[in-house]
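Colleague:
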Amino acid sequence: MTVTAGKEATRSVGTGLTRVEGREKVTGAARYAAEVPFPDLAHGWLVLSTAARGRIRSVETAPVLAMPGVLEVLHHGNALPVDAGFVIPLLGTPPDSLVALFQDDRIPCAGWPAALVVAETSEQAREAAEALVVHYETEPHDILLSGDRPDAVALDSQVTGPGVTLKGDLEAELAASSFVVDAQYTTPQEHHNPMEPHAAVARWHEGTLEVVDANQGSGYIAQLLAQLFSLDPATVRVRAEHVGGGFGGKGQISVHQVAAVMAATKLERPVRVVLTRRQVFALTGYRSATVQRVRLGADADGRLRALSHRCLAMTSTTYDFAEPTTAVARVMYDADAHHTSNEIVRLDVPTPSFMRSPGETPGAFALECAMDELAEKSGIDPIELRIRNEPERGPVSGLPFSSRNVVACFQEGARRFGWSERDPRPGIRRDGRWLIGTGTAAATHLVMSVPSTAAVTAEPDGTFTVRIGASDIGTGARTTLTMIAAEALDVVPDRVRIHIGDSSLPPAVIALGSTGTRSWGWAIKIAVDELRNMLIPGMTIPPEGITARSDTTAAVVGLMQNAPKERHTYGAHFAEAAVDTTTGEVRVRRMLGVFAAGPIVNPLTARSQLTGGMIWGISMALHEEAVLDEVTGGIVGADLASYHIAAHADVPKVEATWVEEPPDPDDPVGLKGIGELGNVGPAAAIANAVWHATGVRHRHLPIRPDRVLSALSDTVRGKATR
Amino acid sequence: MKEFQYQRAGDVPGAVALLAADPEARFLGGGTNLVDLMKCGVERPARLVDIRRLPLDRIEPSREGGLRIGATVTNSDLAAHAEVRSRYPALAQAVLAGASGQLRNMATVGGNLLQRTRCPYFADLAKPCNKRAPGSGCPAITGEHHNHAILGASDHCVATHPSDMGVALTAFDAIVQYETAEGPGELPLTEFYLPVGDSPHRETALPPGALITGVTLPPARVAANSRYRKVRERASYAFAMGSIAAALDVRDGIVHDVRLAFGAVASRPWRARAAERLLVGRPADAEAFAAAADAELAAARPLAGNAYKVTLIRNLVVSELTTLVQEGTR
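In order, the protein sequence lines correspond to chains A and B. One point on numbering: in our numbering, the residue at position 13 of the first sequence is 13, and numbering is uninterrupted. If you count the second sequence from 1, you need to add 1000 to reach our numbering.
#1: Determine, using beta-carbon pairs with one atom in the stretch 432-441 of chain A and one in the stretch 561-575 of chain A, whether at least three such pairs fall under 8 Å.
#2: If you measure from the beta carbon of L48(A) to each beta carbon in chain B, is any gap under 9 Å?
#3: Please report the distance separating the alpha-carbon of T582(A) from that of G476(A).
#4: What are the boundary residues of the alpha helix (DSSP H) that includes A222(A)?
#5: Got a sec, what are the start and stop residues for the alpha helix (DSSP H) T93(A) sits in?
#6: Helix, strand or coil: how does DSSP classify D714(A) here?
#7: Given the structure, does L1303(B) come close to the ligand NAD, in the sense that its CB is under 8 Å from one of the ligand's heavy atoms?
#8: Check F1192(B) in the structure and name its three-state DSSP category.
#9: Can you look up V1059(B) in the DSSP assignment and give me helix, strand or coil?
#10: Are any of the Cβ atoms in chain B nearer than 9 Å to that of A720(A)?
#11: Using 8 Å for Cβ pairs, my map puts R1234(B) next to H644(A). What's the rounded Cβ distance?
#12: Give the DSSP-derived three-state secondary structure of A441(A) in the structure shown.
#13: Using beta-carbon positions only, say whether G1152(B) and A1299(B) come within less than 9 Å of one another.
#14: Thinking C-alpha only, which one of H648(A), R429(A), L225(A), H445(A) is nearest S1100(B)?
#15: Round the Cβ separation of A528(A) and V456(A) to the nearest angstrom and send it over; I've been treating them as touching at under 8 Å.
#16: May I have the straight-line CA-CA distance separating A42(A) from T479(A), to the nearest angstrom?
#17: Looking at the secondary structure, which residues open and close the beta strand (DSSP E) in which A1261(B) lies?
#18: Can you confirm whether V1231(B), when its beta carbon is compared against all beta carbons of chain A, has any partner nearer than 9 Å?
#19: Can you pull the DSSP bridge partners for C311(A)?
#20: Who are K1230(B)'s beta bridge partners in DSSP?
#21: In its own chain, which residues sit with a C-beta less than 8 Å from the C-beta of Y32(A), not counting the 5 before and 5 after it?
#22: Does the structure place the stretch 243-263 of chain A close enough to the stretch 218-228 of chain A that three or more beta carbon pairs sit under 8 Å?
#23: Can you check the stretch 99-142 of chain A for any beta strand (DSSP E) of at least 3 residues that lies completely inside it and give the ranges in chain order?
#24: Under 8 Å, CB to CB, which of the residues in the stretch 573-599 of chain A have a partner in chain B?
#25: Is there a C-beta anywhere in chain B that falls below 9 Å from the one on H623(A)?
#26: Taking 9 Å as the threshold (beta carbon to beta carbon), is Y1228(B) in contact with chain A?
#27: Can you tell me which of the three DSSP states A720(A) falls into?
#28: Indicate whether at least one CB of chain B lies closer than 9 Å to the CB of D431(A).
#29: Establish whether the CB of L1324(B) and some CB of chain A are separated by less than 9 Å.
#30: Which class does G1152(B) belong to by DSSP, given the choice of helix, strand or coil?
#31: Please compile the residues from chain A whose C-beta is within a distance smaller than 9 Å of the C-beta of L957(B).
#32: Over the uninterrupted beta strand (DSSP E) stretch that includes W204(A), give me the two end residues.
#33: With distances taken from CA atoms, which of L367(A), I468(A), M371(A) is nearest R310(A)?
#34: How long is the line joining the alpha carbons of V406(A) and V328(A), rounded to whole angstroms?
#35: Using a Cβ cut-off of 9 Å (strictly closer), state whether H198(A) contacts chain B.
#36: Where does M1001(B) sit, in a helix, a strand or coil, going by DSSP?
Laid out in structure tokens, this is it:
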């Protein structure tokens, strides 16, 4: 066709587009990593350590190698060498030594991979793996996280920022405060639990290592696999076309990929490794338990004089990961004395990792509950208290905010939720056997952009092809990027074809930190702008099309250097909870989230992201908890029967909406990200509603029936002895 | 997982004979628990004898005027049966409080009684468990046990029986019928489960190789005014933290007849006979209900992390019996 001038007058951004791959997914045509068929496929099954610390003395391979179908047992005695000493640019550190699979006999924690059994069928591999006897030399292990660990250290990190921030004299400001809150909040270990377990198939094909994987960024994984196995990056191709959830748990190179590559290389045939749910719990990271102390001091009018948020989390002995729990405190509220610290204790446990809104989620629980306690003490409405403490500039950075519409969220939410009719007194509303309460909490999440590249091709048939190494881990990114491209091209989305989830595509950031839509969208927009310059009205498109490429590196760096600002999304959560004081049952009756997150590209998928995050909040508040067994060092009940998340019956009317937020004029991309925002704050809103219902504060999650009952009996006993 | 033979039994004697011929065989009902346990390696049968098509899927009036429920009746059919709903409402409620619609469509009455504990240590081969591996120890006693037993447990095992249905059946004096190669037999449900003692791996008094053929509910007027209430960690699809089946017949303000059984407090559905004895002939009021609960719970030996169950069960006794008083006089 020939290029014509003029517009089709099409708007994509802001309209609701159903998922472009929706039909494939609901008909089962979409294939996930564990389902893609390969001829001559062998199956690997991991054997995990039952020792919580020590060494592997021996692996009894002979009986297992004699079992039907068994091809190989890989372990520290016969594994291919790998080099895990390289620095990952994104993290600024080498990878967790977990990926140096079977390189030595050391066992740093329960569930550490000890061997991989490969067999002709998955069932044979599993049977043999379960029969494999591994002898361990055990050492005493230490898995106990508590608030008074003397070995806690504050950790600075490239990703999670400084360990400590200090401003002003905390003790003096607390002493001068009219109202003081000083409380410890704790959250349990939580797991991502994407519906799709981690899986990878690896094969060598015509000199190229091909990996079909479940990950959050195929280009990134390909790069790391190349480094780990000392391969030319051009000979490694990783694909993850459809991914059944990630939440941060598929963001890093992990055991399933390394095991599949090692086995496929050694056996010279395709090998698939699929983790069981129990192995997903053990091997793929989690959100650390946290012990948080929040101290707030306020004037008579509620203005904060002192804010201190100290968080203790755990990490492994193999990698320093610090849950950046005080991220919310560093942005949300200022005070004359403002202290924050993220501290870690190194324990004999697997390494925690980024889990949906890492840091912000547990941090918001503590800080937003503490603000509610300050509201109670000062007699100031919780929303009014937050409005009075709106900072002019970043409390730690001193930078201006690019946009900050948290007050608008609270005001709109209060109107919709009926907040003005709320009686602040706790424990006085009853509906049958239920005590009723309402609560609120603020939300915020960092807005980042990460350099990415894209290619956009004008095809001779009038369609356009977008190529970008982006990922759709179930968020709707494929659809959102199609809309962004269509909008930039002034065409309907039907005329845009998009290719993502493949390391052979132009490199782009992995799906992390709510940066995808913004970073990938930016690369697509620049490529489209470039393509417009290349398309001259009247010209004929050649058969191979006309392709424009982009690289946002300079633009991203330029924005950070030329317009340094506090860039965040915001929101206000509202929850109504019912508590049965005879049984301890808590039910959330309704939830409302109002968000300010810049222009919303696709209201359909955005709403799903936000309500999905809020439902995560229900699970966090009431259900989710992984318990470590002190004797064996492993998780008790690492399955979805024991590890509870909200069932449909727990999810009431959940409404998410947003306020208009024009783009920051200094920001050329204009978009923010909403993948994690909905999950920041809802647990606090629910916990605050439980207090409002019962008059009892729950500072430990989840608020299980046994804890509600025990706290109520303690309260009754307390009153009786007073 | 271990390879196994699969055979479908044609009739009851054939099923019993197949099992008698192979000590490593198991009956397969709905498979909703057995197959899970096979996948995680706790159960390793060499042979499955599928009994779902045996002619044991009827609910019929019994000779004594009660109901006889076939062993392969599904949970869904049991809960939907008109006679069950009208004469033993707590039983229908208990069944509906368990699992999910999909699981209830598969799960059978016989299988429900024989399901294994959901103690997380039991299902995890990487951890000790006296029930799964006798003599290996019970880490739950000092470990994670907030949902473990407060009644009838031992130093060897503190696991609970997970059934909801069994709690209602226990309250209503159900009798379990079975068939063996030597002939038929029966056991009251209250004697069906063995005390834990030092052999938690031995769970029932069924003779080896026995096939449960059905459950008989005796006629009981009191059962028509009954309720089942289950408290769990989420609103659906979770095992109980505490549950109660209660039936009450009040005449002139005095308890004429009462049935009480508790779930999730012991290795078996717990029939609260001490509480029942105390209540008959007493005024039907909250004070009497609480005193009866306390009498039953005097035997409770809670662990460090599950003392709340004593409060929970006491509260449930009072609230459910109080509700039954109101409903019975309506």
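Built from N, CA and C at the ideal position, the CB exists for glycine as well. In this text the structure is predicted, and so the values were computed from the model without any measurement.
Modeller: In terms of the structure at hand:
#1: yes
#2: Start at 1 with the first residue of the first sequence, and residue 48(A) comes out as number 48. Answer yes: the Cβ-Cβ gap between L48(A) and chain B drops below 9 Å somewhere.
#3: Here residue 582(A) is taken as the residue at index 582 of the first sequence, counted from 1. Here residue 476(A) is taken as the residue at index 476 of the first sequence, counted from 1. T582(A) and G476(A): Cα-Cα distance of roughly 43 Å.
#4: On the first sequence, position 222 is the one that residue 222(A) refers to. It spans 218-228 - the alpha helix (DSSP H) in which A222(A) sits, taken as one unbroken run.
#5: Counting from 1 along the first sequence, the entry for residue 93(A) is found at position 93. From DSSP, T93(A) is part of no alpha helix (DSSP H); its letter is neither H nor E.
#6: In the first sequence, counting from the first residue as 1, residue 714(A) sits at position 714. Reduced to three states, the DSSP call for D714(A) is helix.
#7: The ligand NAD is not part of the structure shown, which contains no ligands of any sort.
#8: Indexing the second sequence from 1 puts residue 1192(B) at position 192. Looking at F1192(B) - three-state DSSP - the assignment turns out to be helix.
#9: Taking the second sequence and counting its residues from 1, the one referred to as residue 1059(B) is at position 59. Note that residue 1059(B) corresponds to Ile in the displayed sequence, not to Val. In this structure, I1059(B) counts as strand in the three-state DSSP scheme.
#10: For this step, residue 720(A) is matched to residue 720 along the first sequence. The pLDDT assigned to A720(A) is 47, lower than 50, so where the model puts this residue is not dependable; a value taken from the coordinates is nonetheless given after this. No, because no Cβ of chain B sits closer than 9 Å to the Cβ of A720(A).
#11: Your numbering for residue 1234(B) matches position 234 in the second sequence. Your numbering for residue 644(A) matches position 644 in the first sequence. Correct: roughly 5 Å between the Cβ atoms.
#12: In the first sequence, residue 441(A) corresponds to position 441, counting from 1. DSSP places A441(A) in strand when its eight states are reduced to three.
#13: As a working note, residue 1152(B) is residue 152 in the second sequence. As a working note, residue 1299(B) is residue 299 in the second sequence. Yes; because the gap between Cβ atoms is below 9 Å, this pair is in contact.
#14: Indexing the second sequence from 1 puts residue 1100(B) at position 100. Of the listed residues, the one whose Cα sits closest to S1100(B) is H648(A).
#15: Here residue 528(A) is taken as the residue at index 528 of the first sequence, counted from 1. Here residue 456(A) is taken as the residue at index 456 of the first sequence, counted from 1. Sequence inspection shows Val at residue 528(A); the Ala mentioned does not correspond to that position. Going by Cβ atoms, the distance from V528(A) to V456(A) rounds to 5 Å, so yes, they are a contact pair.
#16: To locate residue 42(A), count along the first sequence from 1; it is residue 42. To locate residue 479(A), count along the first sequence from 1; it is residue 479. Spanning the two alpha carbons is a distance of roughly 35 Å.
#17: Residue 1261(B) sits at position 261 when you count from the first residue of the second sequence. First-last of the beta strand (DSSP E) with A1261(B): 1254-1263.
#18: By one-based count along the second sequence, residue 1231(B) stands at place 231. Taking Cβ atoms only, chain A reaches closer than 9 Å to V1231(B), which makes this a yes.
#19: Residue mapping note: residue 311(A) aligns to position 311 of the first sequence, counting from 1. Note: C311(A) sits in a beta bridge opposite Q292(A), N342(A).
#20: Along the second sequence, read from residue 1 onward, the residue named residue 1230(B) stands at position 230. Partner(s): S1243(B).
#21: The residue you call residue 32(A) lines up with position 32 of the first sequence. Contacts found: E196, A199, A214, H242, V243, G244.
#22: yes
#23: 113-119, 133-138
#24: T582, T583, G584, E585, R587
#25: Taking the first sequence and counting its residues from 1, one reaches residue 623(A) at position 623. It does: the Cβ of H623(A) has a partner Cβ on chain B nearer than 9 Å.
#26: Indexing the second sequence from 1 puts residue 1228(B) at position 228. Chain A, which has no Cβ nearer than 9 Å to the Cβ of Y1228(B), makes this no.
#27: The sequence position of residue 720(A) within the first sequence is 720, counting from 1. Note on A720(A): pLDDT 47, under 50, position unreliable in the model; no value is reported.
#28: Taking the first sequence and counting its residues from 1, the one referred to as residue 431(A) is at position 431. No, no contact with chain B.
#29: For the purposes of this step, residue 1324(B) is taken as residue 324 along the second sequence, with counting starting at 1. Not closer than 9 Å to any Cβ of chain A, the Cβ of L1324(B) fails to qualify, so no.
#30: Within the second sequence, the letter at position 152 stands for residue 1152(B). In the structure shown, G1152(B) sits in coil (DSSP, three-state: anything other than H, G, I, E or B).
#31: Residue 957(B) lies beyond the residue range present for chain B, which begins at 1001 and ends at 1330; the question has no answer from this structure.
#32: To locate residue 204(A), count along the first sequence from 1; it is residue 204. Residues 199-205.
#33: Within the first sequence, numbered from 1, the residue matching residue 310(A) stands at position 310. R310(A) has its Cα closest to that of L367(A), out of L367(A), I468(A), M371(A).
#34: Along the first sequence, read from residue 1 onward, the residue named residue 406(A) stands at position 406. Along the first sequence, read from residue 1 onward, the residue named residue 328(A) stands at position 328. Taking the straight line from one Cα to the other gives about 13 Å.
#35: Here residue 198(A) refers to the residue found at position 198 when the first sequence is read from its first residue. Answer no: the Cβ-Cβ gap between H198(A) and chain B never drops below 9 Å.
#36: Taking the first residue of the second sequence as 1, we reach residue 1001(B) at position 1. DSSP places M1001(B) in coil when its eight states are reduced to three.
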